[in-house]
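Okay, structure first, notes after.
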Amino acid sequence: MDKVEGQDGEHLSVGAPKTWAAGLPGVRHALSYALSQTSPRRTALTLLNLNQATGLDCPGCAWPEPGRRHVNEYCENGAKHVTDEATTRRVTREFFREHPVSELAGRSDQWLNQQGRLTEPMVKRPGADHYEPIGWDDALGLLAAELRGLDDPDRALFYTSGRLGNEAAFLLQLFARAYGTNNLPDCSNMCHESSGVALIDTLGVGKGSVSLDDIHDADLVFVVGQNPGTNHPRMLSALEQTKRSGGSVVAVNPLPEAGLLRFKNPQKARGIVGRGTPIADQFLQIRPGGDLALFQALNLLLLQAEDERPGTVLDHAFIERHTTGFAEFARHVREVAWADVLAATGLSREEIERVHARVLASEKIIVCWAMGLTQHKHGVATIKEIVNFLLLRGNVGKPGAGVCPVRGHSNVQGDRTMGIWERPPRAFLDALEREFGFTPPHKHGLDTVGAIQAMLDGRAQVFLGVGGNFVRATPDSEVTERAMRSCRLTAHISTKLNRSHTVCGQTALILPTLGRSDRDVQAGGEQFVTVEDSMSQVHASRGRLHPASDLLLSEVAIISRLARLVLGDRPDIPWETFEDDYGTVRDRISRVVPGFEDFNARVAEPGGFRLPNPVSERVFRTPSGRAVFSRNPFARLEAPPGHLILQTLRAHDQWNTIPYAGDDRYRGIRHGRRVVLVNPDDLAELGIAERSLVDLVGVWHDGVERRAPAFTVVAYPTARGSAAAYYPETNVLVPLDSVADHSNTPTSKAVVIRLEPAGQG
1 MDKVEGQDGE
11 HLSVGAPKTW
21 AAGLPGVRHA
31 LSYALSQTSP
41 RRTALTLLNL
51 NQATGLDCPG
61 CAWPEPGRRH
71 VNEYCENGAK
81 HVTDEATTRR
91 VTREFFREHP
101 VSELAGRSDQ
111 WLNQQGRLTE
121 PMVKRPGADH
131 YEPIGWDDAL
141 GLLAAELRGL
151 DDPDRALFYT
161 SGRLGNEAAF
171 LLQLFARAYG
181 TNNLPDCSNM
191 CHESSGVALI
201 DTLGVGKGSV
211 SLDDIHDADL
221 VFVVGQNPGT
231 NHPRMLSALE
241 QTKRSGGSVV
251 AVNPLPEAGL
261 LRFKNPQKAR
271 GIVGRGTPIA
281 DQFLQIRPGG
291 DLALFQALNL
301 LLLQAEDERP
311 GTVLDHAFIE
321 RHTTGFAEFA
331 RHVREVAWAD
341 VLAATGLSRE
351 EIERVHARVL
361 ASEKIIVCWA
371 MGLTQHKHGV
381 ATIKEIVNFL
391 LLRGNVGKPG
401 AGVCPVRGHS
411 NVQGDRTMGI
421 WERPPRAFLD
431 ALEREFGFTP
441 PHKHGLDTVG
451 AIQAMLDGRA
461 QVFLGVGGNF
471 VRATPDSEVT
481 ERAMRSCRLT
491 AHISTKLNRS
501 HTVCGQTALI
511 LPTLGRSDRD
521 VQAGGEQFVT
531 VEDSMSQVHA
541 SRGRLHPASD
551 LLLSEVAIIS
561 RLARLVLGDR
571 PDIPWETFED
581 DYGTVRDRIS
591 RVVPGFEDFN
601 ARVAEPGGFR
611 LPNPVSERVF
621 RTPSGRAVFS
631 RNPFARLEAP
641 PGHLILQTLR
651 AHDQWNTIPY
661 AGDDRYRGIR
671 HGRRVVLVNP
681 DDLAELGIAE
691 RSLVDLVGVW
701 HDGVERRAPA
711 FTVVAYPTAR
721 GSAAAYYPET
731 NVLVPLDSVA
741 DHSNTPTSKA
751 VVIRLEPAGQ
761 G
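Per the UniProt record's numbering, residue 1 is the first one in the sequence shown, and the count goes up by one each step.
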């Protein structure tokens, strides 16, 4: 196995965690990486076009753009991601002739990614150990023949990541449903599914309710279970504006994160030569899974404050007019015991009461969260409790207030809006039927966890992945890889090489596609795609670079051609027209998806348009027509003696499953990824020395030992009783059936482990 420097721990360097983020180092690192991948000219063309009103939408995250945009409207990680795609390195047929699949399967994620852009379709035949070139007609014909040969459409899986634009996402779900299945698992199943379930149940819409202006105008913003400095750094600019407008920020997280301590905005002079802006006015270092208890305690304190000062704390007019279930909720939350809250959170009562004082002093409150909440067994209940918290004082449906799930991928929200969902609503299916003249299947399909199980059981035989790195993004790595290898055929529509291409079915296809930064010219002329950000703004994205190869097809073209081969002219869907002119796709979207009326004209405006959100108007599409107060049983996440709660996370120099380097600059880690961060007091209690080499051993009720070997122990200020380590290296420890209640999201932030000296297992 080829060793990438820093991946084996031999060169590991550990320093003190940083206490601020961005500034000149962020600029320097972004440009250094960009110039290592491509030329100064291509770097400038790409970055100056990034996140501009008529330019390229950053593929890195879904944070929205402000109305007035800086000429450099991007962050360090966004710059790295887009220039990583714009690289001049190429993966050719000669590369695959030189490297067998068995060898590639042993390479690191970083090494695979660094080989460059894919350039032509490739196939691995049954029994072969090499990919070989194949023409597009033959490649799509092979995949179409497999799909037509299945005795049940539900034996096929159509997976997508958030990199897909709206047009291709709409066509993928249209093809799958015309083919006869709702098996449309996606990356949202593994990330924000808990948010969607909780918000639909309580507010009637599975999206956030706030705009960027609301963030700027809020009196108080909670940032819960997320690390903006790495995962969506432009959020720090918005929080800086919150602070400068007189608002305050409370950060809730098991680890202190540099960006939430202090932010040096590289777009401002004060961020270059000054000390920057302190972001979090209060940091609650909570134990993993303690967020439900925290918000129940805050809700109890609000009820008690109302008891002491009747009519001055709660928004009774809002509660009576717009909500249901208040009395039952209030009775339930009054039963919460402080001893339980303090044990679950690891916080002091004084800390929680300080937050309560901030809440009482604030008229407009927003709660933002990410996977630190969603990837827990009680993730749905936690988000419902946050909704309770906001409803109590009318902080839903008014300026400067509301719910804000912060999604990671650039168009993961748009893909769901376009119908990428295994459980589509009846109204959406009825609209498809009216528009295209066929009856879509109504039986719910498989989500990501269900898809893996179906492959294992032999119920699914063909896997088509559009974007992403399925085998590295999913839980229970050894089980997932066994599932993928059991398929008759696996196919991936991709821009770059990743591990999913090396863990494949009997027959495997690599179908190379245009990147977001590439020009897309079809028979109807130059095309653009559209995306939807985390705050429901829909806008265009146009690439400017010459494609990496003349043999690349767009995602729209690949899906359209495959659909023609599989379906023929039944039903009568103009796939060829869709491929030639994406505007014709948008015309059909405008007649199927609410809020997209007159799509082509509205998206032509600079910055696009915002989708209507009824919650913003205090319209709640729940069965009662009101927002729902919920009763959420108290839950505490506990580990047995001698064990820790592990949360998986990503390093700063990483995008999704792909590390760009072996560093985590803000946490002080350099040249190593196989590290486990543990509180020094826990190490002393466990009798484990810092820098010792340990195996992480997962503990689960199925009796199966899951082991991630050879991690270096690093003393770090984590919450007591917890540990942290990077994914995808630790995904092997997340059991397939360890999922959130109601959403089926893998519990990657709540893995019970013990530390054993390396090599004992």
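Ideal Cβ positions, reconstructed from N, Cα and C, are used throughout, including at glycine.
The Cβ neighbour count for W20, taken over all protein chains shown within 10 Å, is at least 16; the residue is labelled buried. In this structure the segment 218-235 does not touch the segment 424-431; the number of beta carbon pairs closer than 8 Å is below three. If you draw a straight line from the Cα of A79 to the Cα of S494, it is about 20 Å long. DSSP places Q241 in the uninterrupted alpha helix (DSSP H) bounded by 234-244. Here the segment 200-219 makes no contact with the segment 169-182; the two share fewer than three CB pairs at distances below 8 Å.
Cβ-Cβ distances below 7 Å link Q461 to L150, R155, C487, R488 in the same chain, with the five nearest sequence neighbours on each side left out; the list follows chain order. Membership of M484 in the alpha helix (DSSP H) is indicated by the continuous run 477-485. For D695, the enclosing beta strand (DSSP E) covers residues 693-698. When the beta-carbon positions are compared, K377 and T747 come within less than 8 Å of each other. Here V714 has V14, V675, L677 as same chain residues with Cβ atoms under 6 Å from its own Cβ, once five neighbours each way along the sequence are excluded. L373 and A198 have their C-alpha atoms some 12 Å from each other.
The way I'd put it, the segment 164-171 does touch the segment 581-589; three or more beta-carbon pairs between them come closer than 8 Å.
For S362, the closest C-alpha among the options R275, G246, S722 is that of G246. H701 counts as exposed, since fewer than 16 other beta carbons sit within 10 angstroms of its beta carbon.
By the Cβ neighbour-count rule, W63 is buried, with 16 or more other Cβ atoms within 10 Å of its own. CA-to-CA, the gap between A16 and P59 works out to about 31 Å.
Between R423 and H444, the C-beta spacing is below 8 Å. Within the DSSP bridge table, the entry for C368 names V223, C404 as partners. Close CB contacts of E306 within its chain, under the 8 Å cut and outside five residues either way in sequence, are with T312, V313, L314 (chain order). Annotated as distal: A144 and L511, with beta-carbon spacing of 8 Å or more.
With contacts defined by Cβ atoms closer than 8 Å, S554 and R516 do not form a contacting pair. Fewer than three beta-carbon pairs drawn from the segment 187-194 and the segment 213-229 are found closer than 8 Å, and the two stretches are therefore not classed as touching. In this chain, the beta strand (DSSP E) harbouring K264 covers 262-264. In the three-state DSSP reduction, M535 falls in the coil class, being neither helix nor strand.
Counted as a single uninterrupted DSSP element, the beta strand (DSSP E) harbouring V751 occupies residues 751-757. Listed in chain order, the non-local C-beta contacts of D518 below 6 Å within the same chain comprise G543, L545, P547, local neighbours out to five positions each way being set aside. V367 is positioned such that its CB atom lies closer than 8 Å to that of I386. Linking L140 to E98 through their CA atoms gives a straight-line distance of about 25 Å. Of the candidates V471, V739, V603, V603 places its Cα closest to the Cα of G55. Under the rule that a run must span 4 or more residues, the alpha helix (DSSP H) segments found entirely inside the UniProt domain "Molybdopterin dinucleotide-binding" (644-751) read 680-686.
For D57, the secondary structure class from DSSP, reduced to helix, strand or coil, is coil.
Per the coordinates, the alpha-carbon of V249 lies some 56 Å from the alpha-carbon of D569.
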